Every structure is written in structure tokens, then in C-alpha cells.
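Engineer:
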Amino acid sequence: MWTCKNLWKKLAPLARSSSTLCRQNARGVVLNNERRLPLVPQAHMSSGTPGSGGDNNLYYLLVGATCIGGGFYAYRTIKGDKERYQERINEIASRPNKVVPEQPITEAPGEQAAETPQEIAHVTEDAPAETPEVTPIVEEVSPEVDAVEQEDPPTTPEPEIAPEPVVEPAPEESVGTPDAGPVVESGPCLTEAALVARSVSEEAVAQPSAPALIEPSVEPSPVEVTEEPPAPVVESEPTPVAESLPAETAEPQTTTETESAAEPATVAPAEVPAPTPVEFPSHAPYLLIGGGTASFAAARSIRARDPGARVLIITDEPDLPYMRPPLSKELWFSDDPSVVDTLRFKQWNGKERSIYFQPPSFYVSPQDLEKVENGGVAVLTGKKVVHMDVRGNKVTLSDNTEISYDKCLIATGGVPRNLQVIERAGEEVTKRTTLFRKVEDFKALDKVSRDTKSITIIGGGFLGSELACALGRRSADSDLEVIQMFPEKGNMGKVLPEYLSNWTTAKVKSEGVMVITEALVKAVSFKDGKVEIKLKDGRLVKTDHIVAAVGLEPSVELAKSAGLEVDSDFGGFRVNAELQARSNIWVAGDAACFYDIRLGRRRVEHHDHAVVSGRLAGENMTGANKPYWHQSMFWSDLGPDVGYEAIGIVDSSLPTVGVFAKATAKDTPKAATEKSGTGIRSESETEGTASSPVASSTPEPPPVPERKDNYGKGVIFYLRDKVVVGIILWNVFNRMPVARKIIKDGEEHADLNEVAKLFNIHED
710 MWTCKNLWKK
720 LAPLARSSST
730 LCRQNARGVV
740 LNNERRLPLV
750 PQAHMSSGTP
760 GSGGDNNLYY
770 LLVGATCIGG
780 GFYAYRTIKG
790 DKERYQERIN
800 EIASRPNKVV
810 PEQPITEAPG
820 EQAAETPQEI
830 AHVTEDAPAE
840 TPEVTPIVEE
850 VSPEVDAVEQ
860 EDPPTTPEPE
870 IAPEPVVEPA
880 PEESVGTPDA
890 GPVVESGPCL
900 TEAALVARSV
910 SEEAVAQPSA
920 PALIEPSVEP
930 SPVEVTEEPP
940 APVVESEPTP
950 VAESLPAETA
960 EPQTTTETES
970 AAEPATVAPA
980 EVPAPTPVEF
990 PSHAPYLLIG
1000 GGTASFAAAR
1010 SIRARDPGAR
1020 VLIITDEPDL
1030 PYMRPPLSKE
1040 LWFSDDPSVV
1050 DTLRFKQWNG
1060 KERSIYFQPP
1070 SFYVSPQDLE
1080 KVENGGVAVL
1090 TGKKVVHMDV
1100 RGNKVTLSDN
1110 TEISYDKCLI
1120 ATGGVPRNLQ
1130 VIERAGEEVT
1140 KRTTLFRKVE
1150 DFKALDKVSR
1160 DTKSITIIGG
1170 GFLGSELACA
1180 LGRRSADSDL
1190 EVIQMFPEKG
1200 NMGKVLPEYL
1210 SNWTTAKVKS
1220 EGVMVITEAL
1230 VKAVSFKDGK
1240 VEIKLKDGRL
1250 VKTDHIVAAV
1260 GLEPSVELAK
1270 SAGLEVDSDF
1280 GGFRVNAELQ
1290 ARSNIWVAGD
1300 AACFYDIRLG
1310 RRRVEHHDHA
1320 VVSGRLAGEN
1330 MTGANKPYWH
1340 QSMFWSDLGP
1350 DVGYEAIGIV
1360 DSSLPTVGVF
1370 AKATAKDTPK
1380 AATEKSGTGI
1390 RSESETEGTA
1400 SSPVASSTPE
1410 PPPVPERKDN
1420 YGKGVIFYLR
1430 DKVVVGIILW
1440 NVFNRMPVAR
1450 KIIKDGEEHA
1460 DLNEVAKLFN
1470 IHED
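Using this note's numbering, read the sequence shown as starting at 710 and increasing by one per residue.
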């Protein structure tokens, strides 16, 4: 064909010229009314001598050769196609695995069958290690299949089959083979494993005398197989048709088995595990990531504005939402030996409460969140969100579960920082170090304080000083040695002015704590059963356990997958004045870097900020669109006798003005909670007004040793450009609304002594 094509390309121009010459001659004959066609071509078209007919002869020769070649090619093509078609039909007909429609089958007793090598290779790929003997069966083949077999018989003759009695069963009745675990087909379509089993049964009929020997090529199956001689089939007690499926490839579907008295049990069906119940909904209208104070405040705010709202809180902790401040304060002063289990504490006013915001009965179970009529709040504990798809409005949990949402709040809080020298010190030091943040940390440190003889607290901030006073108070009744070290010159040296920091340090020492100031840790190691802390000035401290209280790192792992901005100066997710990071994503609590309309961009790590920012975020999630204007406060207690509350920017590097007065019996943290009825003072004061404190019968705090100045109570103003930007109320309580208004006004005051009178510190 290729040669003819090339030849035609070379001779086509000559053929076209000859054809043109013929048409011209014919036209001339018609016009001149002549009967004969002139065969003499024009001189310029001739390839031979003038007057010769060589051109026409060559043309006829080419046309004839083309016709002959085309006919030969068509003949060869049709013949080849027919041969290939016949070979394909023969191949299909000779295949042993024929797919036949599902028909009633009857079991013929007393014979065993074997598979051909091809079937063995196919079965052992998916079958169990031990294959029970297959009982030969006789199937009714449909007329369509018989017609195909008669028209195209297989090339390999099959051995003759001994006549077997065929029992005609009733319609829709068949006998199950004593084979592997039966799985009833739910439709006319057969699975691949079912077709394999069917082909094995057909081959058993074709070769009844072959031994059933199969070499297992896969791992042994846990399915136990019991081989027993087949019993005669009782026609009156048929069983459903069962396809022989391997246990490891069977699809999870309903398995039905009909037991017959005449049919022995041959295979123990594989145990199919029950489906895992749904523990949480796949969609939550309001999704709150984090189980701390900010999330709970947001959930309560959402439900207040939308009573039918469905709120889902996801937390990686095993506990329901709880308040963290008592973990370093009141819980340590409880006389209840089971406080670690109950997590109930006595407030300074003697009243008792739990650290949990609400009991378990307050919440809806996650699996019922979508079903409850009036909505509710559900908490999914022990789950962590590892990926966030802001375009698809869904999150991915640590177990690859996806939950979609309409609106989402990120309140992931933070994780406690650690010193690099501790992280590099090795496993022995790491397991003797506590990073204090959660309930588990409180329980672990409580156990350590009872089992060891020495605890060293690294850090002089709020948490470090609170734990130092708590453990120091406990050491009075035991042989526990409590050491506190920090790089500053005094406790809370980054917050308090120097004179007040020194006074606080003396107060901590009076609680039985050994305070080491200006201590920069150079190296930490484990030697002779002790943790050795080497300072840069050469001092060496040996202890049994370390508590690292050196700050908090905001949890912003979701920023990368969610495409959210993290502030480079303060850390945390950058949000606008409405605490919004994206159109349907809000951030609250420690992880939020928000814009303060008075003090600029900030990030606050205190309980009151978590309450207020969570409440505002919840309102805005329901459409309030309110800006963050509230000045949050924070507080710290150095035991039941000394406490302070602060608001705004409190930085010891700023100029300060302090106004103090003599403290009375009512100027203690115990008296501060007399009216509130709660151990968390901010819950009662954030929206309240200033009021007079209630007197208490608590005796006055003991005088601080080695100090002539007794800062019983007072107000410290922090200035920036002569404007008050921060205020600390030292043993002055229930006056925070006044301090908040002073900072909100942002005015310059000529005499701060007059401003201090607004707090009534000179009242008896």
C-alpha cells in the first residue's frame, strides 16, 4: 500500500494532464459533430513523438494498475479482519471463567473438585490461606450462553462429565455451598471475588476427579475453617445463594446465614467490627477553637444574642472549660486533701466553688448538637485543630476529621515558654521540669511538692511569684525547700517600680522562699540525682525539680494554613478593632493582637481580657459589629493578704507616681471577694461601678520584716508623655471602673494626688 501511494504521487500530475486532454478532445468532437474522437494530443502536451498515442496508453495502464492494487488490498484487509475476528471469538469461547446469570443451583453430594492452575493463581491472590474443599454444583445455564458455546466452541476440548442428577429447585430457592463465610449479594451485580468463586464452582463440575490442592501464597487468614463431609441436600430446607468471599476483601454489608439441620456448619463467619458512632457533627454554625475562658465567654455571648444557636467548642485538653487563675492561687491554700481530684477551692471570703465555669449538665453532647430543638453548647475534648481552610470554611482535626462551619472563633491561647538551656539539658532534666499552664500541671506540681525536698522556680513575674508564695506557705508544714530566681532586682521587676518591687521581694521571703535576684541561668545539668543550675556569675544551685515560669508564647500554628497575619512585634493574630481576622473569622484571648483605640496595638495575657474579648467576639459573630474599647484589667495575689489589680500599660520603664496610705483589715484580697461571691474578681467588676469595700473580720496582715516602709495600700500611676496610660491598685479593690475611666479620657493631670482621692484610699 505504501508503494502504491508513492507511485501515485509521482504519476498523478501526468494523469491529470491526460484527463484534461481527453475532455478537450471530447468537447471538440461534440462541437464539430464528428463521430470519431481524435486521439492525437497537442504537441505541447505530448511526451512522445508528435501524433503518437503513448500518453493515452500510459494513462489507461495506470488506471488499471490502480484498480487491481486497490482490489487486492481490500481483499487482504477483509480476509485479515475476518481471521482476527474468528481468533478472538475462539479465545473468548475457550476461557474457563464464564460469567453466567445468577440461577438456582443444586448441590450434588459425594464429590470433591479442584481448581485449574489458572484459577489457583487467581484465587490465592485474594483467598485465605486455608481453602475448604469445594462441593461440586450444577448450575442452570441460560439459553443465551448455550447459543454462544454452540456457535464458538472452545479450542481445548473439555473432559466428559459424568451425568449428575439435576434437582429442579423451586423458584427463588437455592442451596448454599459449604464454603467460606457466606455473604448475601444485595443486587444482580456480582463482585470480582464472587465471579472468582463462581468460576471455581464451574471448574469443579468440569473436573470432578482432580485432587483439591492449593498452595497458599498469602498470610493465613484469621477465619477458622472446619472441613466435614458434605451432607445430602434436603430440598425442603434450602438456603440462600452464598458467594465465597475472602474474609479480608469482603465488603462491609449485612451478612445472613441460614442454619439447616441437614447442613453442617463449615465456616465461622469473620467478625465485622461495629461502625464507630459519630461523636461530633460534621457542621457547626458557630465553631470555637480552644476550650479556655475566651471560648466560653464567646459561647455564652452567642447564646445570649441567639438563643437557638448551635455552638461547638473544640479543645485539645480533656477538661471542660475552666478558669486558670485559681491554679496558681486559691487551690494551693485549700485544706481539703482531695482538692487535686475535686478541683474545688475556698475563696478568700470562705465560700467554695469549682474551677469549672459550668457543670457537665450545662453542655449538650456533640452527637446531639444537630438534634436538640433549641440549640446549645457542645464541647469536643481531646481534639486538636491542625489545619484550617478559610476558603472552604472547614477545619481538619488531628485524626483527619473535617468539620465545616459558618463562623469561627480562634481562641487557642498560648503555650508556656521554656529556657533553651533546659531544652538542651537532656531527658533527665526535662522530665524534672514543669511548664505550668493546665490542670495536669497543677496536679503534677502538687505531687512533686509532696514527694521531693527542693523546688526551684525560674521567673519573677506574676506566675512565678504566685507559685513561690503558694509553695512557700506549704513549706511551713513540711521540709520542702522553695527557691525562686530571676534576672531582675526584685519580684515583678518588669511591672512594679523599684521600691515596690523590693517591698514585694521582702514579702515573698517572709513566706519562706529563698529568693535569688539578678540570676541569669547559664547551664542546667543532672548529676548525682540532683538538677544543677549554674548561673553566669558562677553561683550553683542544686534542686530536685524546676518550674519554668518565663512567659507565654501565643499559639498561632493555624496562621500558616489559614493565611492569617501574625504580628511581628507582639505576636498573635492581627485583628481589627472588631477582633476580626477575616470576613467570618474572629480571634480572642491571649492569641489576639488587637488595636486599642487609646493605647495602640497590644496583646494581653490576662483573664479579664479573655472574658471581655471573648464576649465581644461572640457578639460580633452574631452581627453586633462593635469595636473593642474596653480596657481589660488583671490581678495577682501574693497569698490572701496582699493583692493588686492593674489596667492599661504597666511597665517599670515608664515614669510612675505612687500614692499610698495605711492598710486596714478590709484592705486584703479576702475582703475583696466578700460581696462578689466569686474568686474571680473581674467577673463582678468589669461592668460595675465603684463601691465601698465591705469590712471583714480578717486580721491585719503581719508586718513585712526588714522594711521600714509599709506599702499597705495605694495607687500607682504610669505616665507616657504626662498622660496616664496604666494604673495599679495596690490592695485597693472594687475601684477598677474609676481607673478605666481615667485611662479612657487620656487627659493630662497636674496633681495626681487629687486624682488618687477618687479611689478613697484615705478612708478609715
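C-beta: ideal position from N, C-alpha, C; glycine also. Remember, it's a predicted structure, so these values are computed and weren't measured experimentally.
Just to check my reading of the structure: H1458 and V1441 have Cβ atoms closer than 8 angstroms, yes? What is that Cβ distance to the nearest angstrom?
Structural biologist: Actually they do not touch by this definition, with Cβ atoms about 18 angstroms apart.
Engineer: How many angstroms separate the CA atom of L1118 from the CA atom of G1017?
Structural biologist: Between the alpha carbons of L1118 and G1017 lies a gap of roughly 18 angstroms.
Engineer: What distance in whole Å lies between the Cβ atoms of L1244 and L1267, which are believed to be in contact at a cut-off of 8 angstroms?
Structural biologist: 38 angstroms between Cβ atoms; not a contact.
Engineer: Among residues of its own chain, excluding the 5 on either side of D855, which ones have a beta-carbon nearer than 6 angstroms to its beta-carbon?
Structural biologist: At D855, the pLDDT of 41 sits below 50, so the modelled position is not reliable; the number obtained from the coordinates is stated separately. Closer than 6 angstroms at the Cβ level, and outside the excluded window around D855, lies no residue.
Engineer: Please list, in chain order, all residues of the same chain as L1308 whose beta carbon is under 7 angstroms from its beta carbon, the five residues on each side excluded.
Structural biologist: G1357, I1358 and V1434
Engineer: Taking the beta strand (DSSP E) that D1346 falls in, what are its first and last residues?
Structural biologist: M1342 to D1346
Engineer: When you compare only the Cα positions, how much space is there between R1324 and I1294?
Structural biologist: Distance from the CA atom of R1324 to the CA atom of I1294, rounded to whole angstroms, is 15 angstroms.
Engineer: Between the Cα of K1239 and those of A774, G1202, T1161 and H1316, spot the shortest distance and give me the residue it belongs to.
Structural biologist: T1161
Engineer: Just to confirm, are K1116 and D1025 a CB contact at a threshold of 8 angstroms?
Structural biologist: no
Engineer: Got a sec? Which residues, its chain only, sit under 6 angstroms from G1421 by beta carbon, not counting five neighbours each side?
Structural biologist: So the list reads K1371 and A1372, once near-sequence residues are dropped.
Engineer: How far does the alpha helix (DSSP H) with S1158 in it reach, from first residue to last?
Structural biologist: V1148 to D1160
Engineer: Using the DSSP secondary-structure output, state which residues sit across from A1301 in a beta bridge.
Structural biologist: F1282
Engineer: Starting from L1118, follow the beta strand (DSSP E) in both directions and report where the run begins and ends.
Structural biologist: E1111 to I1119
Engineer: Closest to Q1340 by CA distance: which of T1331, A1333, A1355 and N1329 is it?
Structural biologist: Residue A1355 is the option with its Cα nearest to Q1340.
Engineer: Helix, strand or coil for Q1289? Go by DSSP, reduced to three states.
Structural biologist: strand
Engineer: How many Å lie between I787 and G780 at the Cα?
Structural biologist: C-alpha separation (whole angstroms): 11 angstroms.
Engineer: Here's a check: name, in chain order, each residue in its chain whose Cβ is nearer than 6 angstroms to the Cβ of R1019, leaving out the five neighbours to either side.
Structural biologist: P994, L1078 and G1084
Engineer: What does DSSP give as the partner residues of M1194 in its beta bridges?
Structural biologist: I1167 and I1225
Engineer: According to DSSP, is M1032 part of a helix, a strand, or is it coil?
Structural biologist: Collapsing the DSSP output to three states places M1032 in coil.
Engineer: Measuring CB to CB, does I1164 end up less than 8 angstroms from L1189?
Structural biologist: Cβ distance < 8 angstroms, so I1164 and L1189 count as in contact.
Engineer: Take L1029 and list the residues in its own chain whose beta-carbon comes closer than 6 angstroms to its own, dropping the five residues that flank it on each side.
Structural biologist: Within the same chain, L1029 has close Cβ partners Y1065 and V1088.
Engineer: Near V1138, which residues of its chain fall below 8 angstroms by C-beta distance, leaving aside the five closest residues on each side in sequence?
Structural biologist: I1131, V1233, S1234, F1235, V1240 and I1255
Engineer: For the alpha helix (DSSP H) holding I1131, just list the boundary residues, first then last.
Structural biologist: Q1129 to E1132
Engineer: Below 8 angstroms on the Cβ atoms is my guess for D1299 versus A1319; work out the distance and round it to an integer in Å.
Structural biologist: D1299 to A1319, Cβ: 7 angstroms. Contact.
Engineer: With distances taken between CB atoms, is the gap from R1053 to S1063 smaller than 8 angstroms?
Structural biologist: yes
Engineer: Can you tell me whether DSSP reads V1217 as helix, strand or coil?
Structural biologist: In the structure shown, V1217 sits in a helix (DSSP, three-state: H, G or I).
Engineer: State the DSSP-derived secondary structure class of L1308, mapped to helix, strand or coil.
Structural biologist: Coil.
Engineer: When the Cα of R1311 is compared with those of V1351, L1172 and F1279, which residue comes out closest?
Structural biologist: Cα-wise, what sits closest to R1311 is F1279.
Engineer: Rounded to whole angstroms, what is the Cα-Cα separation between T1002 and S1174?
Structural biologist: The straight-line gap from Cα to Cα measures roughly 22 angstroms.
Engineer: Is it buried or exposed, E1328, if we count other Cβ atoms within 10 angstroms and call 16 or more buried?
Structural biologist: buried
Engineer: Could you check what DSSP says for S1037 in three-state terms: helix, strand or coil?
Structural biologist: The three-state reading of DSSP puts S1037 in helix, counting H, G and I together.
Engineer: How would you call F1071, buried or exposed, if buried means at least 16 neighbouring beta carbons within 10 angstroms?
Structural biologist: exposed
Engineer: May I ask you to report which of helix, strand or coil DSSP gives S1322?
Structural biologist: Helix, per DSSP.
Engineer: Count the other CB atoms, across all protein chains shown, that sit within 10 Å of the CB of Q795; report buried if there are 16 or more and exposed otherwise.
Structural biologist: exposed
Engineer: For R1100 and R1014, I'd like the C-alpha separation in whole angstroms.
Structural biologist: 27 angstroms
Engineer: Under DSSP, the alpha helix (DSSP H) around L1474 begins and ends at which residues?
Structural biologist: Because the chain spans 710 through 1473 in this model, residue 1474 falls outside it and cannot be assessed.
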